[in-house]
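Protein chains: 2
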Amino acid sequence: MRTRNATGTSPRVIGRLCLYLRFLQDLGARGVGWVYSRELAWSAGVTPSQVRQDIMGIGYQGSAQHGYEVDKLAEAIHEKVGVADEARVILIGTGNLGRAILQFFQRNHPRMELVAAFESDIFLVGSRLHGIPILGLGELEATVRDQDIRMAILAVPENEAQNGADRLVSAGVRSILNFTPNRLHVPEGIYVEDTDIGISLVRAAFFGCCGKGVKV
Amino acid sequence: MRTRNATGTSPRVIGRLCLYLRFLQDLGARGVGWVYSRELAWSAGVTPSQVRQDIMGIGYQGSAQHGYEVDKLAEAIHEKVGVADEARVILIGTGNLGRAILQFFQRNHPRMELVAAFESDIFLVGSRLHGIPILGLGELEATVRDQDIRMAILAVPENEAQNGADRLVSAGVRSILNFTPNRLHVPEGIYVEDTDIGISLVRAAFFGCCGKGVKV
DNA sequence: TAGATTGTTAATCGATTAACAATC
DNA sequence: TAGATTGTTAATCGATTAACAATC
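Residue numbers (our numbering), protein chains in the order written: chain V, 52 to 267; chain P, 52 to 267.
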């Protein structure tokens, strides 16, 4: 199963564009005006060839003489990827992981807006965590519909994962950032981004200790 | 740049084996004795073909009649991936993210052992967080050497990321689970697993809101 | 100019899927 | 047996890299 969109942009390309954008913003802040694919490649840990492919993919053109204009390229990438800025998001689950995500929003204040967090524990409902209102799970569907929410962060206990996803999807959510250790079964057209710390730990242990991981 | 090891096991395969293992352990606990590739595939969100490929890769054989024996297959996967159980890990940085990771260890108690956490704030050094001793960054190298640590979790502020990685590598660490938003530059043979919540958010927003993500 | 870089196509590489004989 | 499944090879698909003409 692959994810694609109309323009052929894959999740991997989006990830790399984000990395380029961070580097470009950094360069811009330092007053650097131009950058070569080689330098962008270095910042993102990829090849210059791939950088040029990615930039070709968003239709931006550089100069063979000076490389890419920092501000212009940043703008071009932002035009492609900047939907994140307008995204309004909800969080389901305010356990340890949920609270870490709330903190992430409070600290890094990504431009996307965290509208509300949902929680089944009625003692928490009605309060606020890191400035975000905690609503009861019963209000989930109404909130998604009324506020036209298209994206949700799922951080509920494992045994509620699929049920939570089902409710989100039927309420109208189009993409889920899944922090549960389960793989979610969703209809076609719904995007799921899995984040699995347990697997990341095992992978690092495997390649670090015994797998003799080798970059080739 | 790809990561490979002697036996050809890629990070993706390891990730899927972990998912199969979780499902198998669940089945085992429920007293189920046999499982088909179709069911394993469903649990991990992949195709039965891929499941059979992965299982072939670890050298386990099933039966065309009953599928795979749950306990035996779990054991075979565990034999491949179970190095994680013996891994001893250190954490660098005890900010918000670092503390979330400490909580993760305390709650999910993965079998790998979190030996110590390192912190530059001298007011925290000497105390314990979630049962884990907090040491000063000056003790990093000695600890890695004396305790033969091969894996580290990097959760320092962005501007200390590369420096932290350099110190870890030169002290002898072989793999890094990187929670900073930077891509680390490490020598060949060192494995880095990147976890980037910011990018995950942007991806989900992109494919949920405007990218019209479609599973194909 | 000479040298370095981009844009873009072609080649390569790896990962996934399909197909099907063998099996029970 | 008939039907379903595995093991395994071949085909497909996608992503990455290499190559090189065009450019300045």
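For every residue, glycine included, the Cβ atom is placed at its ideal position computed from N, Cα and C.
Residues of chain P with CB closer than 7 Å to the CB of residue i, please, in chain order.
i	result
V:Ile143	The premise fails here: V:Ile143 is roughly 13 Å from chain P at the closest Cβ pair, so nothing lies under 7 Å.
V:Tyr242	Ala255, Phe258, Gly259 and Gly264
V:Ser221	Per Cβ cutoff of 7 Å: no residues; V:Ser221 is ~15 Å from chain P at best.
V:Leu70	Arg234
Return the residue from the list the options that minimises the CA-CA distance to residue i.
i	options	result
P:Phe156	P:Arg139, P:Ser171, P:Asp172 and P:Leu75	P:Arg139
V:Ile109	V:Lys123, V:Lys131 and V:Asp122	V:Lys131
V:Gln116	V:Trp85, V:Ala203, V:Glu126 and V:Leu191	V:Trp85
P:Gly182	P:Leu188, P:Leu165, P:Glu190 and P:Leu191	P:Leu165
P:Ala255	V:Ile200, V:Gly118 and V:Pro184	V:Ile200
P:Thr98	P:Pro238, P:Gly215, P:Phe258 and P:Arg67	P:Arg67
V:Ala212	V:Gly223, V:Leu235 and V:Trp93	V:Leu235
P:Thr231	P:Pro208, P:Ile250 and P:Arg218	P:Pro208
P:Ala92	P:Tyr119, P:Ala80 and P:Arg81	P:Tyr119
P:Arg81	P:Ser94, P:Ile106, P:Val121 and P:Ser114	P:Val121
V:Arg196	V:Val220, V:Pro184, V:Asn214 and V:Ile250	V:Val220
P:Ile248	V:Gln76, V:Ala151, V:Val176 and V:Leu180	V:Ala151
Do you know offhand how far residue i's Cα is from residue j's?
i	j	result
V:Glu244	V:Asn233	12 Å
P:Glu137	P:Leu78	24 Å
V:Arg225	V:Tyr242	6 Å
V:Gly223	P:Pro62	33 Å
P:Phe174	P:Gly189	14 Å
V:Ser178	P:Asn159	27 Å
P:Arg103	V:Phe257	21 Å
V:Val265	P:Ala95	For V:Val265, the predicted structure reports a pLDDT of 42, less than 50, and the residue's modelled location is therefore unreliable. A value from the coordinates is still provided. One C-alpha to the other measures close to 26 Å.
P:Glu239	P:Ser171	28 Å
V:Thr60	V:Ser100	17 Å
V:Ile292	P:Ile106	Residue 292 of chain V lies beyond the range of chain V shown here (52 to 267); nothing can be said about it.
V:Val64	P:Ile250	11 Å
P:Gly259	P:Gln198	46 Å
V:Phe74	V:Val83	11 Å
V:Gly144	P:Gln112	40 Å
My understanding is that residue i touches residue j, with C-beta atoms under 8 Å, so please give their C-beta distance in whole angstroms.
i	j	result
V:Ile128	V:Tyr87	The pair is not a contact, with the Cβ atoms about 16 Å apart (cut-off 8 Å).
V:Ala135	V:Arg162	7 Å
P:Leu153	P:Ala167	Incorrect: roughly 11 Å between the Cβ atoms, too far for contact.
V:Leu186	V:Thr194	7 Å
V:Arg270	V:Leu191	Nothing in the structure corresponds to residue 270 of chain V, since chain V is present only between 52 and 267.
V:Ala203	V:Val237	With 8 Å as the limit, V:Ala203 and V:Val237 do not qualify as a contact, their Cβ atoms being about 11 Å apart.
How would you write the range of the alpha helix (DSSP H) that residue i sits in, first residue to last?
i	result
V:Asp199	Per DSSP, V:Asp199 belongs to no alpha helix (DSSP H) and is neither H nor E.
V:Asp217	Ala212 to Ala222
P:Val64	Pro62 to Ala80
V:Pro99	Pro99 to Gly108
V:Ser251	Ile248 to Ala256
V:Leu124	Val121 to Val132
So residue i contacts chain V; which residues on that side make the cut at Cβ distance below 7 Å?
i	result
P:Ile65	Val253, Arg254 and Phe257
P:Met163	Leu252 and Ala256
P:Pro99	Under the 7 Å cutoff, chain V gives no residues; its nearest Cβ is about 13 Å from P:Pro99.
P:Arg201	Gly259 and Cys260
Which residues mark the beginning and the end of the beta strand (DSSP E) in which residue i is found?
i	result
V:Arg139	Arg139 to Ile143
V:Val243	Tyr242 to Asp245
V:Ala168	Glu164 to Glu170
V:Pro232	Looking at the DSSP string, V:Pro232 is not in any beta strand (DSSP E), and its letter there is neither H nor E.
V:Gly187	Ile183 to Gly187
Taking C-beta pairs closer than 8 Å, name the residues in chain P that residue i reaches, listed in chain order.
i	result
V:Phe155	Asn147, Leu148 and Ile248
Starting from residue i, find everything on chain V with Cβ-Cβ shorter than 9 Å and list it in chain order.
i	result
P:Asn159	Pro232, Ile248 and Gly249
The ligand ZN and residue i: does any heavy atom of the ligand fall closer than 7 Å to the residue's C-beta?
i	result
V:Ile248	What this structure holds is no ligand at all, so the ligand ZN is not there to describe.
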